[in-house]
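Chemist:
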Amino acid sequence: MNNNDILRRLRFAFDLNDAEMIRLFKLGGYEANRAEVSDWLKKEEDPEHKGLVDVRLSNFLNGFIVDKRGKKDGEEPQAEKKTNNNLVLRKLKIALSMNDTDMLEVFDLVGFRISKHELSAFFRNPTNSHYQPCKDQILRNFLVGLQMKYRPNQKDDSDQ
């Protein structure tokens, strides 16, 4: 999935304003400014749209984890230079303190059926023979499910 789309969907699902977004980036180790955040949230058709690079999405997700779970003792987590759907799903699972059952309930909200075994394959080491890459459709359904869980009566206009 497109990093900008992931950021827009998370902003909507958790009703985050610009100041909260900037705060989450800072918690994740990056000093974002309002102009950057605004450009990242713009649609691709907008001439001022800027692509969100992997390391910045990782900064945001790390900040989201710190915000939801608190800061861990020891060394600050480093933002990954390369992200993928599996990493995004893992970081959201951590931030929201979800177990497999919680995640399956989020998928159920959008009518997306996935087994516990299929879900666990996304969190395995890529060298494991049972590892599966998380496809865009799966991550998109999870993000829509989060929106339905955390903002059940709101319509998202990001798909239009």
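Our numbering puts the sequence shown at residues 12 to 171. Quick reminder that beta carbons are idealized off the backbone N, C-alpha and C, glycines included.
Indicate the three-state DSSP secondary structure (helix, strand or coil) for K102 in the structure shown.
Modeler: In the sequence shown, counting from the first residue as 1, residue 102 sits at position 91. Helix, per DSSP.
Chemist: Does the distance from the CB of N14 to the CB of L63 come in under 7 Å?
Modeler: Residue numbering aside, residue 14 sits at position 3 when the sequence shown is read from its first letter. Residue numbering aside, residue 63 sits at position 52 when the sequence shown is read from its first letter. Yes; because the gap between Cβ atoms is below 7 Å, this pair is in contact.
Chemist: With distances taken between CB atoms, is the gap from D111 to K127 smaller than 7 Å?
Modeler: Taking the first residue of the sequence shown as position 1, residue 111 is located at position 100. Taking the first residue of the sequence shown as position 1, residue 127 is located at position 116. The answer is yes: Cβ separation under 7 Å.
Chemist: In this structure, how does DSSP classify A30 when only helix, strand and coil are distinguished?
Modeler: Along the sequence shown, read from residue 1 onward, the residue named residue 30 stands at position 19. DSSP places A30 in helix when its eight states are reduced to three.
Chemist: Work out the CA separation of T138 and L27 for me, nearest whole Å.
Modeler: Stepping through the sequence shown from its first residue, residue 27 is reached at position 16. Stepping through the sequence shown from its first residue, residue 138 is reached at position 127. Rounded to the nearest angstrom, the two C-alpha atoms are 36 Å apart.
Chemist: R67: buried (16+ other C-beta within 10 angstroms of its C-beta) or exposed?
Modeler: If you number the sequence shown from 1, residue 67 lands on position 56. When all chains shown are included, R67 counts as buried.
Chemist: If K160 sits next to V99, beta carbons under 8 Å apart, how far is it from one beta carbon to the other, in whole angstroms?
Modeler: On the sequence shown, residue 160 is found 149 positions in, with the first residue counted as 1. On the sequence shown, residue 99 is found 88 positions in, with the first residue counted as 1. The Cβ separation is near 17 Å, so there is no contact.
Chemist: Is the CB-CB distance between N152 and F123 below 7 Å?
Modeler: Taking the sequence shown and counting its residues from 1, the one referred to as residue 152 is at position 141. Taking the sequence shown and counting its residues from 1, the one referred to as residue 123 is at position 112. Yes, these two residues count as a Cβ contact at 7 Å.
Chemist: Between R45 and the rest of its own chain, which residues show a CB-CB distance below 7 Å, the 5 nearest in sequence each way excluded?
Modeler: Position 34 of the sequence shown holds residue 45. Within the same chain, R45 has close Cβ partners D29, I33.
Chemist: Closer than 6 Å by C-beta to V77: which residues in its own chain qualify, once you throw out the five before and the five after it? Chain order, please.
Modeler: Within the sequence shown, residue 77 is the residue found at index 66, counting from 1. Excluding residues within five positions, the ones whose Cβ falls inside 6 Å are L38.
Chemist: In whole angstroms, give me the CA-to-CA distance for Q171 and G81.
Modeler: For the purposes of this step, residue 171 is taken as residue 160 along the sequence shown, with counting starting at 1. For the purposes of this step, residue 81 is taken as residue 70 along the sequence shown, with counting starting at 1. With a pLDDT of only 41 at Q171, under 50, the local geometry of the prediction cannot be trusted, and the value read off the model is given with reservation. Cα to Cα, Q171 sits roughly 35 Å from G81.
Chemist: Quick check on Y161: does DSSP put it in helix, strand or coil?
Modeler: Within the sequence shown, residue 161 is the residue found at index 150, counting from 1. In this structure, Y161 counts as helix in the three-state DSSP scheme.
Chemist: Can you give me the C-alpha to C-alpha distance between W51 and I125, rounded to a whole angstrom?
Modeler: What you label residue 51 is simply residue 40 of the sequence shown in a count that begins at 1. What you label residue 125 is simply residue 114 of the sequence shown in a count that begins at 1. Taking the straight line joining both Cα atoms gives about 31 Å.
Chemist: Would you kindly report the start and end of the unbroken alpha helix (DSSP H) that includes T112?
Modeler: Looking up residue 112 in the sequence shown gives position 101. Where T112 is concerned, the enclosing alpha helix (DSSP H) stretches over 111–120.
Chemist: Quick check on the DSSP output: the alpha helix (DSSP H) that includes R67 runs from which residue to which?
Modeler: Translated into the one-based positions of the sequence shown, residue 67 becomes position 56. Element bounds for R67: 65–80.
Chemist: Considering only the beta carbon of each residue, do M12 and L150 sit closer than 7 Å?
Modeler: In the sequence shown, the residue the question calls residue 12 occupies position 1. In the sequence shown, the residue the question calls residue 150 occupies position 139. Against a cut-off of 7 Å, the Cβ pair of L150 and M12 comes out as a contact.
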